Structure formats: C-alpha cells, structure tokens
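Under the numbering used here, the letters of the sequence shown match residues -19 to 424, in that order. One structure below.
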Amino acid sequence: MHKPLFELRILGHTELHGPVPEGPESLLRQSKRLALLAYLAMATAEGFRRRDQVIAYFWPELDQAQARTYLRKALYGIRESLGQEVFLTRGEDEVRVDPSLVWCDAVALSQHVKEGQWSEALALYHGELLEGLFPEGVAQEFQDWLSGQRKQLRERAAQAAWECSRLEEERGDRTAAAVMARRARELDPDNEEGVRRLMGLLDRRGDRGSALRVYQEWQARLLEEFGVEPAPETRKLARQVQAARKGESHETSPVESPVTRVRVRGAPADEPASHPHPTDDTFAGARTPWRPMAGAAGLVAVLALGSYSVVRSRALPEGGPRSVAVLPLRTIGDTGLEGTADVITEELMTVLVQQESLTVRQGNSPQTPVTDLAALGRELGTAFILDGGVQGGQGRVRVTLRLIRARDAIAIWAGSADVDSGTLTSSAQRIAAEVAAALLGRAP
C-alpha cells in the first residue's frame, strides 16, 4: 500500500504536510476550510457523508441552495490546495476524503486502539483535537460534535496509556509502568478509578510514599472543588497502603487515613483538625475541620436527619431577604449521571422557591469556574450561590453541595450524602430544607 500524499495532524498543534508546501500552508490559514477538511477526514473515515449533513454543520444560517454553493466553493478551494483527487464523490449528494491520499492522526489513533496497538495510539496524542481553531459561522451541532470527539479521543489515549502501563508491568518494568499510569491520569484526571490504579501500582512497586501523595492530592482537590472526601474504596486503599508502609496489618491495627488537613477560615491555625470518616449512609459536612467561624459566627451544629446528618454554620448576615442562585449540579467522573443531576437540581429549586423569605434564581452552567462565582452572584443579583455535584459508585449516588457567599466566594455551608437511587427525590427535598434553614438561620 502506497504512502498517503498528505499528513493531517489535528491532535494538538494543527499541521498539514504534503509533497509541495505551498498548498497545505495556504489551507492552514483558512480556519473554516481547515475545519471542514478535518471534519470530513474523521466523519468519512469509514464511508461517505451526505452534503446536507455537512452544510447543516458549517452553514446553518443559509438556505439549502446557498449553503450547497458555499460547500462547493469550499471543496473546490481545498482541491486547489491539495489536488483534485483528494475527495471522492458518490452521485451529487455524497462526499468523503480519500483515505489513501490523506492520512489523519485522529483517525489513525482510533484505528490503533481498535487493533490493540496501544503504544502507537498513545504516541499520536499530542493535545486536544483542533486545539485553538475557532471557525466562524459553524452550527452548535458542529461544536457539540467537536466536544464529543475531543472527549472520545482523550479517553482512547488514556485507555492506551493504561494498557501500556499494564504491559510494562507484565514485563516486569514497574518504573515504566508507573510513567505510563501517570500519563493516563493526566489524560483522564477526573477518573477516581484511575487514582486507585496508580496507587495500587505504586504500592506494588514499593513506592508507598508516592502512592499516598497521589491520594492526598486527589483528596485535596475533591475537598477544594466539591467539599467531599474520596470514595470509600479509595480511602480504604489509602489506609491499607499506609498500614503496609508502617509494616503493620491493616486488619489488626487500624491506621488513620493520610488526610490533607485543611483549616476553615477563622479557625485558629494552631488547632489540629480531625477528619472523621462517617459510614456510607451518613450525610456529613465536607469532612473539612468545621469550627465556629470568626467574629459573629454561631455554633456549628450537627443535625440528625434520619439516615444522614448535616454539618452547617449559622455565620450568616442579619436581616433582609435571602437570595440564592442554584447552579445545575455537575457530574463528577461518570458522565452517565446527567439525568440524576438534573432531577436533584429540579428538586432543590422546587423546595427552595416555596420558602417565602427566599428569592431563588436558576444559575446558568454546571461548569461555572469557582473563580467566577462572585461575578455570577453580581450578575444574577443574589447574595448566595448553591452549587455541587453528583458522583456514582457501588450502586449509590454521592450528592455534594456548597452554599457560597457571593461577595467573596467563600463557602459557608457544605455537605455530602451517599444515597440510593430510589431515594434521590426525597433526599434532595430534605437536603434543600437544610439549605433553606442555613440561609434563613433557623432549624430545619
């Protein structure tokens, strides 16, 4: 099989190489035509694409006749740069890139993964698909396709890295295996199973200090971003690793989990903080060392609510109506929980809007960065913001919430709960009652 004339590299920095540099270089300066070529190279890797589908992605504002004219011009321009044979057609309505003439790294990566060629696949991933490319006038459907492809390729690269790690360990080279495992974690940083896999590998390698640092970094991130501890199986593994590091048996000598200590604003710096580990059916406030806050802070109370409890602070401003923006809950790790997150968000809204003393507004995006929360509060005109996330595991769903004071983006209340999927609605209602109580400064 002859070598393709053109190499299209779209993972990371975009490059296009051919026998004569002038044509590819001119195409690289035309973002929309370059995006069209990349889309067709990927979308038609295994067959033809209807022109109607293509124009819907790239010229959504035009009528069909105009859009088809623009597509013909774009294809003609690409042919002028790369040659007349670069596209194959079938009738008047279908088109594809000729894969024998144009090699594409994104297509090759997926093919390597399909064939179990893990190192070859990983070697091709240098960054996000079409990184830094912003074609004008494309449809939201194209942006959605691009986001989906980016996620899929990143996951495939992470899978390849894990497989490379497994093969290196089977060959007895645990140093190389650890390097590949860390690469996999970089590619899929939100996957808690990956945290455990890397910890386990480092433990087997005898590098238990590094395994515990991996755990502590993950724990600190969850506490900072979501106010929640790692999953029970991850905490258990950390205790086992620490026990092995001390040369003790975990079953006969319980060992305190290697927890990153976090001090709540206003807590004395010289007071050590404890991190209890409630049972899985306990609702507990963030596992940070909750203390009375400075100044006019009230008592931090633990309120038993059936199968769970909430830790909260009553350090809230006096007088005036309370206002809160409820952000859609984020999914942590498992992207199959979007529906669950939507259900809980709706229940929170339903309960909170029934509170006469509360003004409730719907926030905009589940991906709003923490650094933007103060600005979001000003934009929505609310004093507080409620955000959080959901995470699946062991047949249950962990719900985490934070109540944030908008003016300075400081969390003044937080909690998490592991609940059965069958009790999501009732649990969300009771959690919402706790949030309302925290806002209104009264018992639920």
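Ideal Cβ placement from N, Cα and C applies to all residues, glycine included. All values reported here derive from a predicted model rather than from experimental measurement.
Buried or exposed, going by whether 16 or more other CB atoms sit within 10 Å of the CB of residue i?
i	result
V444	In the structure displayed, the chain extends from -19 to 424; residue 444 sits before or after that span and is not available.
G189	exposed
V350	Unreliable placement is indicated for V350, whose pLDDT of 48 sits below 50; the coordinate value is still reported in the next sentence. V350 is exposed by the Cβ-count criterion.
P115	buried
Y105	buried
A397	buried
E149	buried
R410	buried
P4	buried
A137	buried
Q123	exposed
G227	exposed
R310	buried
G481	The chain is shown from -19 up to 424; residue 481 falls before or after that span and cannot be answered.
Y195	buried
T362	buried
Would residue i and residue j be called neighbours here (beta carbons separated by less than 8 Å)?
i	j	result
L360	R378	no
L356	V415	no
L182	A158	yes
F364	S303	yes
A386	A354	yes
R13	L7	yes
L328	A200	no
R134	L167	yes
L(-12)	V82	yes
L62	G(-2)	yes
D73	R31	yes
L383	A391	yes
V370	A408	no
A156	A141	no
A36	V87	no
L102	C144	yes
G368	T380	yes
R70	F28	yes
S337	L404	no
I312	D400	no
R185	R162	no
P(-16)	S127	no
A119	P40	yes
C84	M160	no
Quick one: residues in its chain with C-beta nearer than 8 Å to the C-beta of residue i, no 5 flanking neighbours on either side, listed in chain order?
i	result
W198	E172, V175, P210, T214
G107	L(-9), G(-8), H(-7)
I58	L7, R13, L16, L17, V66, F67
Q44	D32, I35
S406	none
K94	none
Among all the DSSP beta bridges, which residues are the ones paired with residue i?
i	result
W83	E(-13)
D400	R376
H(-7)	Answer is none; H(-7) lacks a bridge partner.
S303	T339
F364	V304, R385
G395	L381
R310	G369
L109	L(-9)
I390	R385
Can you list, in chain order, the residues of its chain with a C-beta nearer than 7 Å to that of residue i? Leave out the 5 residues immediately preceding and following it.
i	result
D78	E65, V66, F67, L68
V221	M179, D183, R188, A191, L192
V306	T325, L328, M329, L332, V340, Q342, G343, L366
L202	V208, E209, P210
In chain order, what residues of the same chain lie with their CB nearer than 6 Å to the CB of residue i, ignoring the 5 residues before and after it?
i	result
E100	H92
Q129	L109
E(-5)	R(-11)
R225	R188
E2	none
Q: Note down, one range per segment and in chain order, each beta strand (DSSP E) of at least 3 residues found wholly within the stretch 159 to 239.
A: Every candidate beta strand (DSSP E) stretch fails here, since none sits fully inside the stretch 159 to 239 while reaching 3 residues.
(Q) Restricting to runs no shorter than 3 residues, where is the beta strand (DSSP E) found entirely within the stretch 20 to 91? (A) Qualifying beta strand (DSSP E) stretches, in chain order: 67 to 70, 74 to 77, 82 to 84.
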